[in-house]
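Quick note on the numbering used here: the sequence shown kicks off at 1287 and runs consecutively. For every residue, glycine included, the Cβ atom is placed at its ideal position computed from N, Cα and C.
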Amino acid sequence: KVDLIVENKGGNINILDFKSRNVEGLDQTMVDMQLRMYNLALENEYNIKGLFAYTFRDNMKTPFSNTQEDLKKAKETIINVGNKINNEEFERNLNSKFCSTCMYSFLCDLRKKK
1287 KVDLIVENKG GNINILDFKS RNVEGLDQTM VDMQLRMYNL ALENEYNIKG
1337 LFAYTFRDNM KTPFSNTQED LKKAKETIIN VGNKINNEEF ERNLNSKFCS
1387 TCMYSFLCDL RKKK
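Take a look at the structure:
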């Protein structure tokens, strides 16, 4: 769900996502990808200009780039991830600090049964 779609005073439509953290933690959430996915899902309804995250703990509004190139890369990533899921290709990301605590890590060991 999109948290907020708002038209600013200049007439631009923006998406705002609320986060219950500090701005320093945003890089761990992939909120930029989340916002671009919302943009792609809504591109037939709205001409979205800005993507923002609002962090409650420090009362900060952080902008994210929203170029056509950004959206193209996001779309390619979504298609790539979807294809991997369909092909049951679950690769571990051992460089991620979330991998060791992920409750779905058992899926990474699954291999496509032929």
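Start-to-end residues for the alpha helix (DSSP H) that takes in Y1324: 1317 to 1328
Helix, strand or coil: how does DSSP classify G1336 here? strand
Kindly indicate which residue of V1309, E1331, G1297 has the alpha-carbon position closest to the one of D1344. V1309
Buried or exposed: I1365, going by 16 or more other Cβ atoms within 10 Å of its Cβ? Its Cβ having fewer than 16 others within 10 Å, I1365 is exposed.
Spatial distance of T1341 from E1375 (CA atoms): Here the C-alpha atom of T1341 lies approximately 34 Å from the C-alpha atom of E1375.
Measuring CB to CB, does N1300 end up less than 7 Å from V1292? yes
Are there 16 or more other CB atoms within 10 angstroms of the CB of S1306, so buried, or fewer, so exposed? Label assigned to S1306: exposed.
Judging by CA-CA distance, which residue of G1336, T1315, D1313 is the nearest neighbour of G1296? G1336
Whether or not the stretch 1345 to 1353 and the stretch 1380 to 1396 are in contact is what I'm after, with contact meaning three or more pairs of Cβ atoms, one per stretch, closer than 8 Å; do they touch? At 8 Å Cβ cutoff, the stretches do not touch.
Whole angstroms is fine: what's the gap from S1382's alpha carbon to D1289's? 26 Å
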